[in-house]
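Protein chains: 2
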Amino acid sequence: MTIGIFDSGVGGLTVFKSIAENFPEMDLFYLGDTARVPYGNKSPSTVKRYSEECASFLIANFNVDALVIACNTASSYAIDFLREKFGIPVVGVVAPGSYQAVKTSINKKIGIIGTNGTVKSRSYYNAIKRINGDIDVYQKACPLFVPLVEEGRIHHEITDMVIKEYVGILHSKGIDTLILGCTHYPLLKKRIKSLFPSLNIVDSAEAILKDIENLNIPFKENGKREIFVTDDACSFEKFAQQILGETKISEVNIEK
Amino acid sequence: MTIGIFDSGVGGLTVFKSIAENFPEMDLFYLGDTARVPYGNKSPSTVKRYSEECASFLIANFNVDALVIACNTASSYAIDFLREKFGIPVVGVVAPGSYQAVKTSINKKIGIIGTNGTVKSRSYYNAIKRINGDIDVYQKACPLFVPLVEEGRIHHEITDMVIKEYVGILHSKGIDTLILGCTHYPLLKKRIKSLFPSLNIVDSAEAILKDIENLNIPFKENGKREIFVTDDACSFEKFAQQILGETKISEVNIEK
């Protein structure tokens, strides 16, 4: 089984890592569209176009059996479009994260943090409401989290203040479960948990594993792993190493 | 005289505004590459390619007499390349800002704040050293400023903390002059000035005016103004209005 994973950048390597660890025999090809990152503040039509180019690259070059959209914004805007366009299974992060959150929440109050795009798309909101219309769902866009993480400020006074502000708004609504709706946010999970210890935190990078198991495509042994980015690879190696340890990354051009 | 101005996004509207106010008879066409914003963390080759596509759009559609690169990162990486490629005058923000800073500084210690790209390129550093090799130049990349400004946090505790940290590092070197090396930063000028009142602040959006006057191309009356972006226009109107007041923006696709 060969899986193609794409993301707007290298944040999706948190998803790649989680899949790689849990399915060691799987061939995994990752593409980060770092030349056009971020997707979180781009329009639905632009995100669809970029997602199509990412998917095309992975399908044309590696003949992948299935696609994983590691990016929450692309999952929100482009998943149905890609399924229809390419006719192969496409797993996004929104549905697995939503199911996991519904299963986890006891008081039926769920909070979602994400980029402007993910929040505006209301994709998590709608997915949860479809599962159970009685659940109260609250969203908060957190545009400062990605730059804070990329600057390496995981343990930092400013990051704590921003977490307190963003997550505090949802916490005050009485939520017991929080979905990390952006691939960068798992890097802040420990800080969020320590500032809001009562919250159950749902990480889509973990929630997605069940959906991949369900694809039921036979595995090869000794899974290959290759990572590509659309911009100069060097500048992302440091960040990628934060997630994966020592990593080799290659550069490609995917624009049509 | 017809001038084409481009930027990675809508931050360059601070430059557009400054030119529009000072040259009311000039025809001005602005392009913000909002589908691929930001340039500040992209590689030199990617920034060159994007800049070429921006310039081509303005030249092909409006037959502009000269180009203004409002983006500091693009000015840093692409100005010589565009001059050679298109054979028309190209004004960037780096040279005018550098000259202004050298003229302003009394103690010959100048600080520069900018994106990762602008700082890595050392474009301001080299430009100032070429003017006067005896000047001490200090740089600081400030990746949190753009998201803070775009979130509208101009007067905000967190923004003040970030300003104190970033600018404080340069201030402790004894600089008397600070270059705002990114088009978003003029929106923070008042806060920076109030936190560091002794600093002379150089805003490239103002410094560029002399260079435009020097182009000496005859003006028409009743200058036309048109603004284009490469992503959905709606999402940028709010931010553009912060800078320009009521503004009409159109969407175009410039990718080749």
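Chains as they are written, first to last, in the working numbering: chain A, 175 to 430; chain B, 175 to 430. Just so you know, even glycine gets a beta-carbon here, dropped at the ideal spot from N, CA and C.
Asked                                                                                                                             : Found
Closer than 8 angstroms at the beta carbon, the chain A residues around PRO317/B                                                  : PRO321, GLU324 and GLU325
Contacts that GLU429/B makes with chain A (C-beta to C-beta distance below 7 angstroms)                                           : GLU429
Contact test: TYR213/B Cβ vs the ligand NAP heavy atom, cutoff 7 angstroms                                                        : Because no ligand of any kind appears in the structure shown, any question about the ligand NAP cannot be addressed here.
Start-end ranges of the beta strand (DSSP E) lying completely within the region 366 to 400 of chain A, minimum 3 residues         : 374 to 377
Reduced DSSP secondary structure (H/G/I, E/B, other) of PHE197/B                                                                  : coil
Terminal residues of the beta strand (DSSP E) in which ILE428/B lies                                                              : No beta strand (DSSP E) contains ILE428/B, which DSSP labels as neither H nor E.
Nearest to ASP350/B (by Cα), restricted to the options SER192/B, ILE309/B, VAL403/B and HIS330/B                                  : ILE309/B
Any chain B beta carbon closer than 8 angstroms to ARG210/A                                                                       : yes
Selected residue, minimal CA-CA separation from GLY355/A, among LYS338/A, THR188/A, MET335/A and PRO263/A                         : THR188/A
Proximity of ILE302/B and ALA275/B at Cβ, strictly below 8 angstroms                                                              : yes
VAL221/B beta carbon less than 8 angstroms from that of ALA248/B                                                                  : yes
Interface flag, LYS216/A vs chain B, CB-CB below 8 angstroms                                                                      : yes
One or two residues paired with ILE179/B in a DSSP bridge                                                                         : TYR204/B and VAL242/B
Chain A residues whose Cβ lies nearer than 8 angstroms to that of VAL336/B                                                        : ILE332
Proximal residues, the region 175 to 187 of chain A versus chain B, C-beta separation under 8 angstroms                           : none
Min CB distance ASP385/B to chain A below 8 angstroms                                                                             : no
Closest by C-alpha distance to ASN306/A, when choosing among LYS282/A, LYS412/A, ILE382/A and LYS363/A                            : LYS282/A
Proximity below 8 angstroms, CB of THR176/A to CB of PHE236/A                                                                     : yes
Presumed contact (8 angstroms Cβ cut-off) between LEU241/A and ARG399/A, rounded CB distance                                      : No, LEU241/A and ARG399/A are not in contact; Cβ-Cβ is about 16 angstroms, not under 8 angstroms.
Alpha carbon of ALA315/A to alpha carbon of SER230/A, nearest angstrom                                                            : 30 angstroms
Cutoff 8 angstroms: THR220/B Cβ touching any chain A Cβ                                                                           : yes
Range of the contiguous beta strand (DSSP E) that encloses ASP310/A                                                               : 310 to 315
Of the listed residues ILE382/A, LYS338/A and SER182/A, nearest to GLU227/A (C-alpha basis)                                       : SER182/A
Members of the region 189 to 205 of chain A that neighbour chain B once the beta carbon cut-off is set at 8 angstroms             : none
Within-8 angstroms CB hit, ASP239/A to chain B                                                                                    : no
Neighbourhood of GLY285/B by C-beta distance below 6 angstroms, restricted to the same chain and skipping five residues each side : TYR312, LEU344, ILE349 and LEU352
Range of the contiguous beta strand (DSSP E) that encloses LYS283/A                                                               : 283 to 288
Cβ-Cβ separation, PRO212/B to VAL320/B (assumed contact under 8 angstroms), whole Å                                               : 6 angstroms
Alpha-carbon to alpha-carbon, LEU322/A and HIS358/B                                                                               : 18 angstroms
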